[in-house]
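Read the structure below first, then the notes.
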Amino acid sequence: MIAESGHYALVLALGLALIQSIVPLIGARLADAALMNVARSTALAQLLFVGASFLALVMLHVNSDFSVANVYENSHSMKPLLYKITGVWGNHEGSMLLWVSILALFGGLVAAFGNNLPLSLRAHVLAVQAWIASAFYLFILVTSNPFLRIANPPIEGRDLNPVLQDIGLAVHPPMLYLGYVGFSISFSFAIAALMEGRIDAAWARWVRPWTLVAWIFLTLGIAMGSYWAYYELGWGGWWFWDPVENASLMPWLAGTALLHSALVMEKRNALKVWTILLSILTFSLSLLGTFLVRSGVITSVHAFATDPTRGVFILLILCLFIGGSLSLFAGRATSLKQGGLFAPISREGALVLNNLLLTVACAVVLFGTLYPLAMEMLADFKMSVGAPFYNLTFAPLFALLLLAVPFGPMLAWKRGDLLGVMQRLLAAGVAGLVAIAIAWGWASGGATLAPLAIGLGVFVIAGAITDIVERTGLVRVPFATALHRARGLPRSAWGTAFAHAGLGVALIGIVCETTWNSEHIATMKQNDVAHIAGYDVKLDGLFQRQGPNYREMIAEFKISRDGEAISVMTPSKRSFTTRGSSTTEAALLTRGASQLYISLGDANADGAIAVRIYHKPLVLLIWWGPVLMAFGGMLSLSDRRLRVGAPKPARAKQRLQPAE
Amino acid sequence: MTRKQRRMTIIGGSLAVLALAAALVLNALRDSIVFFSTPSMVAEKHVAPGKRFRLGGLVQPGSLQRGDNLAVSFEVADGNAKLPVAYKGILPDLFREGQGVVAEGALDANGVFKADTVLAKHDETYMPKDVADALKKQGHWKDDYGAQASGGAKPAATTAQGNPQGAVR
């Protein structure tokens with residue numbers, strides 16, 4: 001009954017989305033307020049029905065109703081409750097349902113909180129949202145219905161893939177989807193602007209918070225996924241340049257560019273056409289990511305053969321939306337009026353450079369992701385493009401970008417003074433050089449690039465601090481005045497500083513981890529001691545334990561340093577009976593920002609076990625960086641000008657005045 | 001600066017960055033790409049020792065031998081040819097005799113494939129895509145491998161790395 005209700009709710013949502021796709025547009029053409037307002041109610045109702053449908057699938061999973069194919073294939077009655085819930089999106093059908101639920105959530109939010117939008121703009125935006133929604137509802141209903149019943153219900157399910165039975169599944173996909181799908185809003189705004197043929201600074205002010213929200217979630221989602229891969233896959237890697245990862249990185253790069261170009265448009269009314277194009281590209285890359293991950297192109301090009309409808313269907317959606325939006329762009333973009341002139345050396349110029357480098361870096365990733373696929377289809381030979389390719393291409397471009405980052409916020413709008421900025425960044429530059437010298441001396445000339453990269457990271461962090469110092473006049477004026485000014489600084493200035501500093505922090509973490517990571521692989525018996533990076537790791541013993549849906553072998557290690565006991569680490573190896581597969585649960589010991597990492601291999605007959613021990617210096621900085629960036633994004637989001645929002649009727653403005 | 005000059009500066013800058021990126025990509029394509037081969041392709045093409053490639057096939061049942069200090073050797077077969085593989089380190093959780101495997105490394109002077117990475121990316125029904133395709137082409141395809149379990153947001157990959165550089169990469 002629940003399954004049928006869920007299915008029915010999804011069909012109703014499709015119906016509502018179809019109405020929402022057409023009626024508001026007719027309303028806008030006829031300038032009929034009532035028809036345009038249909039968008040608002042249908043968007044909210046859509047959210048309600050998709051939410052109900054999603055909830056139905058969650059309930060089926062929680063109740064372990066194995067008469068539903070999706071539950072049978074991905075759940076087990078003995079599975080802990082958390083994984084029964086997260087297992088809902090740990091499979092193709094469920095994750096697509098999560099995708100449309102989040103799409104409906106964003107549509108609903110625009111409908112609910114978009115009261116200050118011009119009526120016709122809101123109608124257009126919601127209509128475009130509904131086009132996307134209709135396409136994906138159709139996709140789910142036609143090719144990947146999660147509510148399919150099995151004629152003869154089995155007694156027990158096949159369990160969820162053990163690697164996915166982790167808290168990471170609860171956080172990573174929803175965050176990532178909030179990011180991916182969140183960019184649909186800026187896409188819809190861009191299409192709406194093209195259809196209306198009208199775009200101004202206020203448009204950018206409406207779009208920016210939505211882009212920022214999506215960007216924050218995507219940043220956190222990618223970081224979370226990377227940390228999950230790091231501790232779950234058992235060999236301490238945190239980024240693999242795997243096509244699935246690239247699929248999330250590309251919208252992030254384009255979205256970061258969009259964030260910055262929308263700023264230029266909002267403040268200076270320039271770069272309009274480019275901002276529109278970026279909005280379209282960012283969401284197109286999100287769609288491409290969905291296609292790459294969900295169509296099976298990556299795990300097997302021949303998934304088209306086993307289930308041709310799915311891949312072809314998403315490809316069709318992809319072509320329709322990307323092709324359609326780009327043609328619309330080509331047709332209408334010239335009619336948009338250009339505004340705001342600026343000199344090449346200016347804040348705008350710096351942001352253009354940022355956009356240039358980000359989009360080119362994104363294009364490089366896109367090339368590396370699609371080239372092997374294209375080669376396989378066209379020339380019929382297989383190859384892989386891995387980390388070496390990206391180290392040679394992506395890394396130099398990003399290094400260039402990082403070098404420019406501290407200059408951007410310090411240049412004036414319209415026409416900047418590069419020499420003056422250089423003088424003010426002197427302290428940051430010196431800090432970077434000192435860091436290079438220290439890293440060089442400490443590593444005694446081992447790696448050449450690593451100290452340079454660390455210096456770059458320090459320069460970026462110091463540059464972010466310099467910007468705040470300059471704005472508050474911390475060194476020049478009395479402390480109390482500086483403090484007062486700091487309080488008066490717009491939160492977006494703080495946000496910029498935090499986000500930029502986060503880049504430097506992440507870079508330092510990446511460089512330290514990859515350069516000075518030490519590894520010890522050996523077979524160990526009871527009471528054997530391994531030495532790594534100054535730590536003594538002693539194997540105390542092995543024992544077995546029964547978990548809810550698995551058995552595990554735990555190894556207990558005593559960690560000490562200079563004879564002083566620090567902690568006990570217990571990595572384990574779990575074998576899941578239902579799927580007949582096993583996972584390695586690594587044990588982590590955090591010391592400052594560094595980590596000790598132990599994972600287990602196979603046990604021999606004589607009681608010895610293969611053990612992999614890593615010491616990863618400053619590895620946590622890799623994820624603290626993105627967290628800082630996201631924090632900066634949130635600060636920026638809470639900035640007064642975004643809270644107060646775009647131009648409102650005079651009455652509303654007056655009401656807000658006393659808040660100052 | 002006139003409007004035209006400004007525009008030319010920006011366009012010139014864009015072209016410079018694009019040219020830089022293109023140069024970087026072309027340079028990287030020359031030597032950072034790793035090709036995929038099966039044992040019979042290796043036998044046909046006489047791959048030079050020291051040239052890195054990915055070897056895919058099935059682990060020959062009964063060929064797995066464990067030596068001292070985590071050294072392992074096994075044979076990778078694809079029905080027509082076999083190739084001995086030497087590896088040092090921990091094999092991935094899903095490594096089994098008779099199952100698909102992908103190893104990355106290079107041939108040594110004796111024709112033994114020295115692997116520094118062994119990848120087994122499958123569960124009980126799924127095998128590495130490259131291996132499946134290669135086997136299909138040669139007609140050694142078992143239908144039951146085709147039923148591929150759909151993963152979640154992250155692919156279920158387990159990897160074993162043999163040397164420090166491998167772990168970094």
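Chains as they are written, first to last, in this note's numbering: chain L, 1 to 660; chain G, 1 to 169.
No residue lacks a Cβ here, since even glycine has one placed at the ideal position from N, Cα and C.
Nothing here was measured: the structure is a model prediction, and the numbers come from that model.
- L/M195 carries a helical assignment under DSSP once its states are collapsed to helix, strand and coil.
- The beta carbon of L/S384 is closer than 8 Å to those of P372 in its chain, skipping five residues each way along the sequence.
- Listed in chain order, the non-local C-beta contacts of L/R149 below 8 Å within the same chain comprise A3, S67, V68, A69, local neighbours out to five positions each way being set aside.
- Against chain G, the beta carbon of L/V312 has no neighbour under 8 Å; the closest one sits roughly 17 Å away.
- Residues of chain L with a Cβ closer than 7 Å to the Cβ of G/R54 are, in chain order, S384.
- Neighbours of L/F367 across chain G, judged by C-beta separation under 8 Å: V25.
- Assignment of G/F35 by DSSP, reduced to helix, strand and coil, places it in the strand class.
- When C-beta distances to chain L are compared with 8 Å, the residues of the region 1-20 of chain G below that value are M1, R3, R6, T9, I10, G13, S14, V17, L18, L20, in chain order.
- For G/Q65, the three-state secondary structure derived from DSSP is strand.
- Under the Cβ distance rule, L/I222 does not count among the residues neighbouring chain G, no pair being separated by less than 9 Å.
- Looking at the DSSP output, L/H520 sits in a beta bridge with L/I613.
- Nearest to L/L277 by alpha-carbon distance, out of L/G15, L/L351, L/A190, is L/A190.
- Under DSSP, the beta-bridge partners assigned to G/L107 are G/F113.
- At a cut-off of 9 Å between beta carbons, G/L70 contacts chain L.
- The C-alpha of L/Q165 is placed about 32 Å away from the C-alpha of L/V529.
- Relative to the Cα of L/I222, the nearest Cα in the group L/G236, L/V244, L/I532 belongs to L/V244.
- Put simply, the backbone Cα of L/T496 is about 20 Å away from that of L/D417.
- Measuring C-alpha to C-alpha distances from L/L285 to each of L/H615, L/A192, L/G179, L/A33 identifies L/G179 as the nearest.
- Under the three-state reduction of DSSP output, G/Q99 falls in the coil class, being neither helix nor strand.
- Scanning chain G for C-beta atoms nearer than 7 Å to the C-beta of L/V364 yields A21, V25, reported in chain order.
- Between the beta-carbon of L/V511 and that of L/A450 there is about 5 Å, and that keeps the pair under the 8 Å contact cut.
- Residues of the region 332-350 of chain L whose Cβ lies closer than 7 Å to any Cβ of chain G, in chain order: L341, A343, P344.
- For L/S286, the nearest beta carbon of chain G is not closer than 9 Å to its own beta carbon.
- DSSP lists L/K573 as the bridge partner or partners of L/T584.
- Under the 9 Å criterion on CB atoms, L/K414 is classed as non-interfacial with respect to chain G.
- Close partners of L/A506 in chain G (Cβ separation under 7 Å) are lacking, with about 17 Å as the shortest Cβ gap.
- At a cut-off of 3 residues, not a single continuous stretch assigned as beta strand (DSSP E) sits fully inside the region 195-251 of chain L.
- The alpha helix (DSSP H) runs lying completely inside the region 142-202 of chain L and spanning 4 residues or more are 167-196, given in chain order.
- Interface flag for G/A28 against chain L is set, since a Cβ pair is found closer than 9 Å.
- Counting C-beta atoms within 10 angstroms of its own C-beta, G/G100 has 16 or more neighbours from the protein chains shown and is therefore classed as buried.
- Cβ proximity to chain G below 9 Å picks out E513, T514, T515, N517, S518, E519, I521 from the region 510-521 of chain L.
- Membership of G/F74 in any alpha helix (DSSP H) is not indicated; the residue belongs instead to the beta strand (DSSP E) covering 71-77.
- Ranked by Cα distance from L/H615, the options L/L400, L/A363, L/E519, L/A480 are led by L/E519.
- With the rule of 3 Cβ pairs closer than 8 Å, the region 82-91 of chain L does not count as touching the region 32-50 of chain L.
- Under DSSP, the beta-bridge partners assigned to L/M553 are L/Q544, L/K573.
- Listed in chain order, the non-local C-beta contacts of L/L621 below 6 Å within the same chain comprise V505, I508, G509, A593, local neighbours out to five positions each way being set aside.
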